[in-house]
Ligand code: IPE
Ligand code: IPE
Ligand code: MG
């Protein structure tokens, strides 16, 4: 493969439908979905991808799904953060998050902070989880960050794209080269609105719990054939 993306972002959709197809409760789909993450993470680290960003939970999911599903997702997340520590350390992976983490339950925040600390000296790849994330909220939070700083008189007189992006959840995050959406929907669902301006998009009908390393290679193969122009010729 001639051209490997440096940063892959994935909208992991279709857990519920996967479960419905099998006449299982929705939570079984989330469980199987969480299990899928390890193989994909390890493959990406192995072949030299620099960042993998996974949309695990949107702000809208938190606002609009029944409490029982949200509670289950919080428990599943805590389990993941504990269970996968070995995967992160074995593969040299730094753990990061984007989203309104401060709105998550305290015990979830504690697990997040613990894993961030444990993995902070790793160097091989970044795994970033988007949790309680909304692209619009990220831009609004950045604007409010600038306004708060302006009160101290320490901001530039004019906002530029570069200045605004300094206030994003992870100011150092590179823009994704490839965005994969599983589950077949042709929409962004409030993910990384600013950052995907020139990202290559790839959608597969495969539901997230059925996503394999093979599907990942299909996406990367397609990516390697794309001609990125960034508005140029
Ligand atoms: C994606 O799966 C995971 C989350 C949003 C938490 P869904 O739960 O959206 O699954 P579908 O889209 O209903 O199949
Ligand atoms: C996007 O999926 C969010 C995640 C995968 C975490 P949704 O299932 O929430 O998106 P919509 O509702 O189909 O747009
Ligand atoms: Mg969905």
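Numbering (our numbering), first residue to last: 45 to 277.
Built from N, CA and C at the ideal position, the CB exists for glycine as well.
The model shown is predicted, which means the values in this text are computed figures rather than measured ones.
- Spatial neighbours of residue 147 in its own chain (CB-CB distance under 7 angstroms, excluding positions within 5 residues in sequence) are listed in chain order as 176.
- If you draw a straight line from the Cα of residue 201 to the Cα of residue 183, it is about 19 angstroms long.
- Per DSSP, reduced to three states, the secondary structure at residue 51 is strand.
- For the options 214, 244, 224, the alpha carbon positioned closest to that of residue 141 is the one of 214.
- The Cβ atoms of residue 221 and residue 244 lie closer than 9 angstroms to each other.
- Excluding residues up to 5 positions away in sequence, 69, 70, 72, 73 lie with their Cβ nearer than 7 angstroms to the Cβ of residue 63 in the same chain.
- Within 8 angstroms of the C-beta of residue 61 there is at least one heavy atom belonging to ligand 1.
- Residue 133 counts as exposed, since fewer than 16 other beta carbons sit within 10 angstroms of its beta carbon.
- For residue 94 against residue 50, the beta-carbon gap comes to about 5 angstroms, under 8 angstroms, which counts as contact.
- Here the distance from the Cβ of residue 133 to the nearest heavy atom of ligand 1 is not below 8 angstroms.
- Short of 7 angstroms from the beta carbon of residue 225, and not among the five residues preceding or following it, lie these beta carbons of its own chain, in chain order: 55, 57, 247.
- Collapsing the DSSP output to three states places residue 158 in a helix.
- The Cβ-Cβ distance between residue 166 and residue 138 falls below 9 angstroms.
- Comparing alpha carbon positions, the residue from 164, 96, 144 closest to residue 129 is 164.
- For ligand 1, a non-hydrogen atom lies closer than 8 angstroms to the CB of residue 100.
- Secondary structure note for residue 173: its beta strand (DSSP E) is the uninterrupted segment 169-174.
- According to DSSP, residue 102 shares a beta bridge with 177.
- In this structure, 81 is the residue among 90, 81, 91 with its C-alpha nearest to the C-alpha of residue 97.
- A straight line joining the alpha-carbon of residue 109 with that of residue 127 spans about 25 angstroms.
- The straight-line gap separating the alpha-carbon atoms of residue 260 and residue 75 is approximately 20 angstroms.
- Beta bridge pairing from DSSP links residue 247 with 225.
- Relative to residue 91, the option among 264, 271, 276, 274 whose CA is nearest is 264.
- In the displayed model, residue 112 falls within a helix according to three-state DSSP.
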